[in-house]
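J.: Residue numbers (our numbering), protein chains in the order written: chain A, 2 to 296; chain B, 2 to 296; chain C, 2 to 296; chain D, 2 to 296. Cβ coordinates follow ideal geometry from the N, Cα and C atoms, glycine included. Encoded as structure tokens, here's the structure I'll be asking about.
There are 4 protein chains.
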Amino acid sequence: MKQLKGIMPPITTPFVNGELAIDKLEFNINKWNKTDLTGYVVMGSNGESVFLTREEKLKLVEATKKFASPDKHIIAGTGSDSIKETISLSNESVARGADFLLILTPSFYKSEMKHEAFIKYFTAVADAVKIPVIIYNVPKFTGVDIEAETVAKLSEHPNIVGIKNSSENVRQNNEFISYTDKGFAVIVGTASMLYSGFTSGAVGGILALANIAPGECMEIQKLIEKGNLKDALTLQNRMIPVNKAVTAKYGVAGLKAAMDMMGYFGGEPRAPLSTINENDRSQLKEILKIASLIE
Amino acid sequence: MKQLKGIMPPITTPFVNGELAIDKLEFNINKWNKTDLTGYVVMGSNGESVFLTREEKLKLVEATKKFASPDKHIIAGTGSDSIKETISLSNESVARGADFLLILTPSFYKSEMKHEAFIKYFTAVADAVKIPVIIYNVPKFTGVDIEAETVAKLSEHPNIVGIKNSSENVRQNNEFISYTDKGFAVIVGTASMLYSGFTSGAVGGILALANIAPGECMEIQKLIEKGNLKDALTLQNRMIPVNKAVTAKYGVAGLKAAMDMMGYFGGEPRAPLSTINENDRSQLKEILKIASLIE
Amino acid sequence: MKQLKGIMPPITTPFVNGELAIDKLEFNINKWNKTDLTGYVVMGSNGESVFLTREEKLKLVEATKKFASPDKHIIAGTGSDSIKETISLSNESVARGADFLLILTPSFYKSEMKHEAFIKYFTAVADAVKIPVIIYNVPKFTGVDIEAETVAKLSEHPNIVGIKNSSENVRQNNEFISYTDKGFAVIVGTASMLYSGFTSGAVGGILALANIAPGECMEIQKLIEKGNLKDALTLQNRMIPVNKAVTAKYGVAGLKAAMDMMGYFGGEPRAPLSTINENDRSQLKEILKIASLIE
Amino acid sequence: MKQLKGIMPPITTPFVNGELAIDKLEFNINKWNKTDLTGYVVMGSNGESVFLTREEKLKLVEATKKFASPDKHIIAGTGSDSIKETISLSNESVARGADFLLILTPSFYKSEMKHEAFIKYFTAVADAVKIPVIIYNVPKFTGVDIEAETVAKLSEHPNIVGIKNSSENVRQNNEFISYTDKGFAVIVGTASMLYSGFTSGAVGGILALANIAPGECMEIQKLIEKGNLKDALTLQNRMIPVNKAVTAKYGVAGLKAAMDMMGYFGGEPRAPLSTINENDRSQLKEILKIASLIE
């Protein structure tokens, strides 16, 4: 089995006139293929997965697999509240080349999405799919949060191999690591957690920032592995404002604008999201300059 | 065009062994057909819509249309974050007999789901579908809330005819009514708002409680129309604990358990939800007794 | 014992150069004395109570009692997390003429401020003070919310006579009314709840809006008592934007600015609050004009 | 000036029969004096400051100063929403021996407690007091959160020397460090942040856990300073469940119960808080055993 670690961008989905632009995807993947990124997440939050039809999703998995160099993991985000639909979309994604499944916590009935429901949900999905499952915890989008005790229990399932954790709560992330066995992969879901995650035992990062600054993200990990905390922290701190800009501040539209500035194809987000305005674009450019990502 | 008003249950979806049980649906609808309920909402929050596949959803619309007496509106809950998928599922639902579409606010990118995004989203959907659209605001499940200024703007669209508002905030509900024209239907989305809604200009209710106590819900409306506020309020207050039990306290599982106690088919919710335990079941029975709904 | 009902403004505290301006208070109270307002709340949320020293608070109670016409209740906001300090400040306020005590829910240890703690706190306070206690529930400022079951239990205490409820949740407000006996006064704490409160059994209103539009607030109550719901609702709807402006939108600073526009002394809020800027002032004036409160 | 760094317990306030027990305070401080703790925080959140009268607060500062060995900082928690009262209580605390002031963010008017209000508040306080000010950010109790940009601006004030940050958000904590100069002390406010804080540039910890496990807290800091991250992380992970028990899970009452188990005087919290029940006490003892804090 492929080992889950390293830096993996949750790749953006390119649209031209609101429709999937597979050639632009190819262009981006060709650039990322030249790096040491370990994999690509297709249909993650930054992939605007919730705006895609089922057909578009499968087309994306297929295309990503086709363009990715063979050493990259293909991680498909196939989770929804419906267990039945999640299993079905997962199996179709496996057939198109997915290596791992990134399964969002169910979240509609928020007050009932606690330990028992999460155990039921992830067990049912993991039992029914043929490739390893990664739990996806992202409270800012789902409004629910999975507890470490629940993750610990789920980590005993042979087909649940890790968690992508997009919460910035360091206690919770440390609990995910210390409550599970060494083989269970805790992957930080935002670049703001990179330094703290890697110094605490996280093994990878699925990061919006890795779409535009894969080298810097990988460098932070390498510096920490070498024991050079000082330089790792300096680089982390340099990346914080950029990461904030392409996530909390300007969202997917900001990430896509930054991609355009960095030589990737970004383009427009799909409606109802909007592109960022000129003023925000100027500020974003300034932030990228200060971080030495562009000149 | 059919007029949107009166009491409409967001009907539960019957499952036997986790699979759709269309015969049980027929059984329930036959009972409801004997009442003055004005319509049925299929694939609402209480219909566990998020746990259904696309095929199951369409099957449900078709069956509901088939079993409903001709005077009942069929309101199909077809909204999701994806505009494309929403339009597609809506059009398929229209083909199967839907009279109105209940469209949930998009909610995944919470911090960006504000005025502009809602205008874009609902305009695109309402432009593309052939039957009238009802906005569906339910902050407890979506984590987003639509403002009255946005609803006022959307109410100008000829194909957006109302809002189902499941918030218990009375200021907001009054704003929905006073900021829009008389023809725009404000429908309360929870029985806890019935009395306040109807005394303030709301024209209907889409209520979990109407699954089990349609008569009482309609009676509150009638009493208010007759100007008998005192009895309306007494009945409202008698229903408050029951409504709380089948919504906030025990959720869909509680609603289904109450249906079983009241002579409807309730059955089990779909995983990852669980049926309520014996202790909760006893308490629920007691609540129904105190409210004189069962003996 | 004086009966608790009718409209009572939580009076603003006048400052000149950041210091208490008792003469301005006298000016305002003289104006309010000419109306049928039933009482004055001193040291409420709109009184910037949290910015006052103990000495200033007692000076305010004394002055309010002195200037108020004898028929007006003096309601002193004396609650804080400390039971000891609450009792002490309450007794000093009684000595200066307070008729009722408005006691804020304790709130610092939010996760522990539940049923048992509230019962303990309010029982200890009500046992130790000589005048009747009104519970004050204002989740937007305290971050805690008291449940109807708790209020019902507390309403059995002979010295706890009512609740000022500033939540806009109509279910909760109706529960406060229906779970307690007729003698227990449910008082709405915001003008956005006036119409719904009075049609549901609330007996009074402690309202920021009553500082500037006492007549309109009282008129809503009178119209409802006469059974003229239509005109009451029309007036309520006319007041909604004004109320929003002087509460959620512009806060105490906005309320004070509106007072200046309406012929009262408003002045500046105390630091760290700031006066509203010129642009907001223009908008506020426009809102007052549209509501026919100024010309 | 004394340098702000190292581990400092926010000491609990001992009560016997609900009244201050200064002799028990002496007993505890005598034990802590034998350690390398760098200071004592009196009237912090764990000191139940909000339940104390002004007189009790000053008595506590005086006693703490008297019992503390001369090398320990005395940090007095004197902040409240009122600038006037904060300055007054601060000056009285200085007169009784305080070396630093821990000033809570104002929080009552939550929606207005943003950049401008914080700048105004802390500048006014820091200008008027004679000893250095530490900003105290604790969102779980205040419901407000201070942004790094605001802290950066405030750090330019010569009399604002640090921040105690009790948020577990690692991005925010890293921003506090990287947005301010080296001389500005970022102090983590919970033991769950110790490892991440110290590896990122925090210089101290004000920790509930330091009341019962001062040695372990200091050891984590020392191990990190020596570059022994592995053992530091192991110790951190061993402390996580204990820290959770004496903070989020059982609160101040749990911390006091743990103190009793560890040979300190804990005793009862003041009303309206309650002591933990027998079942929780057994679980707490088990947690302390597993962490090897007791046998």
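Within a Cβ cutoff of 7 angstroms, which residues of the same chain sit near Q173 of chain D, ignoring the five residues on either side of it in sequence?
T.: Cβ within range, chain order: A149.
J.: Between R97 of chain D and L59 of chain D, how many whole angstroms is the CB-CB distance? I'm expecting something under 8 angstroms.
T.: Yes, they are in contact, since the Cβ atoms of R97 of chain D and L59 of chain D sit about 6 angstroms apart, within 8 angstroms.
J.: Name, going along the chain, the residues of the region 45-66 of chain D whose beta-carbon falls closer than 9 angstroms to a beta-carbon of chain A.
T.: Here the close residues number zero.
J.: Would you check if the region 81-95 of chain C and the region 124-138 of chain C touch, i.e. whether three or more CB-CB distances between them fall below 8 angstroms?
T.: Yes, since at least three Cβ pairs between the region 124-138 of chain C and the region 81-95 of chain C fall closer than 8 angstroms, the two stretches touch.
J.: DSSP on V189 of chain B, reduced to helix/strand/coil?
T.: Correct three-state label for V189 of chain B: strand.
J.: In its own chain, which residues sit with a C-beta less than 8 angstroms from the C-beta of L38 of chain C, not counting the 5 before and 5 after it?
T.: Excluding sequence neighbours, L38 of chain C sits near G7, I8, M9, P10, K73, A211, P215 and M219.
J.: Any residues in the region 80-113 of chain B with a beta carbon nearer than 9 angstroms to a beta carbon of chain A? Which ones, in chain order?
T.: Flagged, chain order: S81, D82, S83, I84, K85, E86, S89, P107, S108, F109, Y110, K111, S112 and E113.
J.: At 4 residues or longer, and completely inside the region 87-143 of chain C: list those alpha helix (DSSP H) runs for me, N to C.
T.: List check, alpha helix (DSSP H) in window: 116-129 and 140-143.
J.: Could you check if Q222 of chain D is buried or exposed, using at least 16 other CB atoms within 10 Å of its CB as the buried criterion?
T.: When all chains shown are included, Q222 of chain D counts as buried.
J.: If you drop the 5 nearest sequence neighbours on each side, which residues of the same chain put their C-beta closer than 6 angstroms to that of S81 of chain A?
T.: T87, listed in sequence order.
J.: So the candidates are A:L289, A:G267 and A:F119; which of them puts its Cα closest to the Cα of N18 of chain A?
T.: Measuring from the Cα of N18 of chain A, the nearest candidate turns out to be A:G267.
J.: Using alpha carbons as the reference points, say which of B:N229, B:S201 and B:L234 lies closest to K231 of chain C.
T.: Cα-wise, what sits closest to K231 of chain C is B:S201.
J.: In whole angstroms, give me the CA-to-CA distance for I178 of chain B and I291 of chain C.
T.: Distance between the alpha carbons of I178 of chain B and I291 of chain C is about 18 angstroms.
J.: When DSSP labels each residue in this structure, what does N160 of chain A get in the three-state scheme?
T.: N160 of chain A falls in the coil class under three-state DSSP.
J.: Less than 9 angstroms separating the beta-carbons of S91 of chain A and A69 of chain A?
T.: No, these two residues do not count as a Cβ contact at 9 angstroms.
J.: Smallest Cα separation from T191 of chain A: which of A:E169, A:I136, A:F123 and A:D182?
T.: Checked all of A:E169, A:I136, A:F123 and A:D182; the closest Cα to T191 of chain A is A:E169.
J.: Per DSSP, which one or two residues make a beta bridge with A77 of chain C?
T.: Paired residue(s): C:V43 and C:L102.
J.: Chain A beta carbons: is any one of them nearer than 9 angstroms to that of G228 of chain D?
T.: True, the Cβ-Cβ gap to chain A drops below 9 angstroms.
J.: L274 of chain A versus chain B: which residues are under 9 angstroms apart at the beta carbon?
T.: Simply Y110, E113, A118 and K121.
J.: Can you give me the C-alpha to C-alpha distance between N238 of chain A and L208 of chain A, rounded to a whole angstrom?
T.: For N238 of chain A and L208 of chain A, the distance between alpha carbons rounds to 16 angstroms.
J.: When Cβ atoms are compared, which residues of the region 191-211 of chain B fall closer than 8 angstroms to chain C?
T.: Listed by position, the residues of the region 191-211 of chain B near chain C (Cβ gap below 8 angstroms) are T191, S193, M194, Y196, S197, T200, S201 and G202.
J.: Quick check on DSSP: helix, strand or coil for G255 of chain A?
T.: G255 of chain A falls in the helix class under three-state DSSP.
J.: Quick one, which of C:L105, C:E117 and C:H116 has its alpha-carbon nearest K165 of chain C's?
T.: The candidate whose alpha carbon is nearest that of K165 of chain C is C:L105.
J.: Given a cut-off of 9 angstroms on the beta-carbon distance, is the pair A258 of chain A and I241 of chain A in contact?
T.: It is not a contact, given that the beta carbons lie outside the stated cut-off.
J.: Can you check whether the CB of I135 of chain D is closer than 9 angstroms to the CB of V152 of chain D?
T.: The answer is no: Cβ separation not under 9 angstroms.
J.: Comparing alpha-carbon positions, which option in B:I295, B:M260 and B:N280 lies nearest I30 of chain B?
T.: That would be B:M260, whose Cα lies nearest to the Cα of I30 of chain B.
J.: Please identify, using Cβ separations under 7 angstroms, the residues of the region 149-179 of chain A that lie next to chain D, in order along the chain.
T.: For the region 149-179 of chain A, which is checked against every Cβ of chain D, the residues closer than 7 angstroms are E169, N170, V171, R172, N175, E176 and S179.
J.: Does the beta carbon of I241 of chain B come closer than 9 angstroms to any beta carbon on chain C?
T.: Yes, because at least one Cβ of chain C sits closer than 9 angstroms to the Cβ of I241 of chain B.
J.: Under the rule that 16 or more other beta-carbon atoms within 10 Å means buried, what is S197 of chain B, buried or exposed?
T.: Buried.
J.: Do V42 of chain C and L103 of chain C have their beta-carbon atoms positioned less than 9 angstroms apart in this structure?
T.: Against a cut-off of 9 angstroms, the Cβ pair of V42 of chain C and L103 of chain C comes out as a contact.
J.: Could you please give me the residues that DSSP links to N18 of chain B through a beta bridge?
T.: In the DSSP output, where bridge partners are listed per residue, N18 of chain B has none listed.
J.: Who are the neighbours of G144 of chain B on chain A, taking C-beta pairs under 7 angstroms?
T.: Within 7 angstroms Cβ-Cβ: G144.
J.: Quick one, are the C-beta atoms of Y110 of chain C and F142 of chain D less than 9 angstroms apart?
T.: A contact, by the Cβ cut-off of 9 angstroms.
J.: Which residue comes first and which comes last in the alpha helix (DSSP H) that contains I23 of chain A?
T.: Note, I23 of chain A: alpha helix (DSSP H), I23 to N34.
J.: If I measure Cβ to Cβ from L234 of chain D and keep anything under 7 angstroms in the same chain, skipping five residues before and after, which residues do I get?
T.: Excluding positions up to five away in sequence, the list reads Y196.
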